[in-house]
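Numbers in the numbering used here are just positions in the sequence shown, counted from 1, shifted up by 5.
Cβ coordinates follow ideal geometry from the N, Cα and C atoms, glycine included.
Keep in mind the model is a prediction, meaning the values are calculated, not measured.
A short write-up of the structure that comes next.
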Amino acid sequence: MTLSDKVAVCLFAKAPQLGRVKTRMQPHLTEQESLALHCDLLDLCCSQLAALDRGAFQVELHVTEQHAFLDQLGKKYHLPIQLQNGANLGARMSHAVRQALQRYRNVILVGADCPSMNAREIERLRHALSHHQAVMVPALDGGYVALALKQHAPELFCNMPWGGDTVAAETLERLEALQWSFDCMPAQTDIDRPEDLKTLAGQLRQWAEKSL
Numbered sequence: 006m007t008l009s010d011k012v013a014v015c016l017f018a019k020a021p022q023l024g025r026v027k028t029r030m031q032p033h034l035t036e037q038e039s040l041a042l043h044c045d046l047l048d049l050c051c052s053q054l055a056a057l058d059r060g061a062f063q064v065e066l067h068v069t070e071q072h073a074f075l076d077q078l079g080k081k082y083h084l085p086i087q088l089q090n091g092a093n094l095g096a097r098m099s100h101a102v103r104q105a106l107q108r109y110r111n112v113i114l115v116g117a118d119c120p121s122m123n124a125r126e127i128e129r130l131r132h133a134l135s136h137h138q139a140v141m142v143p144a145l146d147g148g149y150v151a152l153a154l155k156q157h158a159p160e161l162f163c164n165m166p167w168g169g170d171t172v173a174a175e176t177l178e179r180l181e182a183l184q185w186s187f188d189c190m191p192a193q194t195d196i197d198r199p200e201d202l203k204t205l206a207g208q209l210r211q212w213a214e215k216s217l
């Protein structure tokens, strides 16, 4: 089977369910405000990735379950929707990578909590991946906001302390154990905690000023 030279971009997103998203924002935000933030961030991330050259990238929205809001985003930004498959986050990410690499030479996993991961940053990831087997964009909270891969390795995802502050470091250790060539790009901010809202406000101001 001939693999496409396109880069698969898998945007991972939770379905917007009250009380189940942005829980670390509470009690600073109410459950309803947390839900609204989740939806706004997801819309913003979709709009950023929709700007990618579709001749070079295959952008897909990978969701935890079907939901009318997610269907609307898919139609709005012309993004195919895929249901995540697996018992936990690691299994779902591993499955997405394995499936993508059956069709494409490269895959990039992106979270929906980092609106600064725009089309330009994804282009940088693709360029870096041309020189390595893996490239990570860590998050300032210890996780990572994106992971680009040329190969599938289940050990990068199994028994990982997802949501903790050692995920990025643990992933880098596992890449070293695999003896892969890899790169680590500058860390970015996940919008997960109340203190991250200041960063988001600053980013939104900058984007608004640039659009004037």
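Which of the three DSSP states, helix, strand or coil, is assigned to Lys80?
Reduced to three states, the DSSP call for Lys80 is helix.
Measuring straight from C-alpha to C-alpha, what distance separates Met141 and Met122?
When rounded, the distance between both Cα atoms is 12 Å.
Who pairs with Met190 in a beta bridge, going by DSSP?
None; Met190 has no bridge partner.
Could you tell me which whole beta strand (DSSP E) segments of length 3 or greater appear in the segment 64-137?
Listed in chain order, they are 86-88, 109-116.
In whole angstroms, what separates the C-alpha of Val150 from that of Glu126?
Straight-line Cα distance between these residues: approximately 11 Å.
Roughly how many angstroms separate the alpha carbons of Pro32 and Glu175, rounded to a whole number?
Each residue's alpha carbon lies about 30 Å from the other.
Just curious, the alpha helix (DSSP H) that Cys44 is in, first and last residue?
Run containing Cys44: 36-55, per the alpha helix (DSSP H) assignment.
My output table needs one value for Pro143: the three-state DSSP class, helix, strand or coil.
Here Pro143 sits in strand by DSSP.
Whose C-beta lies closer than 6 Å to the C-beta of Asp188 among residues of the same chain, with five residues either side of it excluded?
Within the same chain, Asp188 has close Cβ partners Ala133, His137, Val140.
Between the alpha carbons of Glu214 and Asp48, how many angstroms are there, rounded?
Roughly 20 Å between the two C-alpha positions.
With Ala173 as the anchor, note down where its alpha helix (DSSP H) starts and where it stops.
Element bounds for Ala173: 172-183.
What's the C-alpha gap between Lys17 and Val102?
Note on residue identity: the sequence assigns Phe, not Lys, to residue 17. For Phe17 and Val102, the distance between alpha carbons rounds to 12 Å.
Any contact of the segment 81-89 with the segment 48-66, i.e. 3+ C-beta pairs under 8 Å?
As far as the Cβ criterion goes, the segment 81-89 touches the segment 48-66, which means the pair count is three or higher.
The beta strand (DSSP E) spanning Leu23 covers which residue range?
Note, Leu23: premise wrong, no beta strand (DSSP E); not H, not E.
From Gln104 to Asn164, what distance separates their C-alpha atoms?
Taking the straight line joining both Cα atoms gives about 20 Å.
When DSSP labels each residue in this structure, what does Lys203 get in the three-state scheme?
It is helical.
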